[in-house]
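What follows is a set of notes on a single structure, which appears directly below.
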Amino acid sequence: MDLRKLLRSFCYAWRGIIWVIKTQQNMRIHLIAAVTALAMAAWFRLGGWELAWVVTAVFLVLAGESFNSAIEAAIDRIGPERHPLSGAAKDAAAGAVLLLALHALIAGIIIFGPRLAGLLRSAFTAALPDAHCLSLV
38 MDLRKLLRSF CYAWRGIIWV IKTQQNMRIH LIAAVTALAM AAWFRLGGWE
88 LAWVVTAVFL VLAGESFNSA IEAAIDRIGP ERHPLSGAAK DAAAGAVLLL
138 ALHALIAGII IFGPRLAGLL RSAFTAALPD AHCLSLV
């Protein structure tokens, strides 16, 4: 096993990740959502399967966006002329990212929804006047 070759392959991978972040607005949006989801996971002290679902959803979306960007770059490299198959490939790759993002959104709603609802309920209850005033309503 050639350690230099292995380290070089990691450098290429990091270079690819940096390229996607620098050149793709959607990747930056996904990164903001990922950091938010992971911060919420830490704040709510998720553990076990819930944390695994959040982390998996985050990395699936980021990897999907990377694949999408790679497919788009490869098709653009072929040539500037429009071709139905090129459009179909780009659309299918973008559709895959959309499906992964929907999966992440649904997982987020399932995992964070009840916790956020509890926080809102607590905040709303704390903001209400004394309970005896509610009997007038």
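Each residue of the sequence shown is one higher than the one before, starting from 38 at the first, in this note's numbering. Quick reminder that beta carbons are idealized off the backbone N, C-alpha and C, glycines included. Model, not experiment: these values are computed from the prediction.
Check, Outcome
"CB contact flag (ILE54, SER103, <8 angstroms)", "yes"
"Buried or exposed by the 16-neighbour rule on C-beta atoms within 10 Å, applied to ILE146", "exposed"
"Contact check, ILE112 vs ALA126, beta carbons under 8 angstroms", "yes"
"PHE96, buried or exposed, once every other Cβ within 10 Å from all chains shown has been counted against 16", "exposed"
"Pairwise C-alpha distance: ALA138 and ALA131", "11 angstroms"
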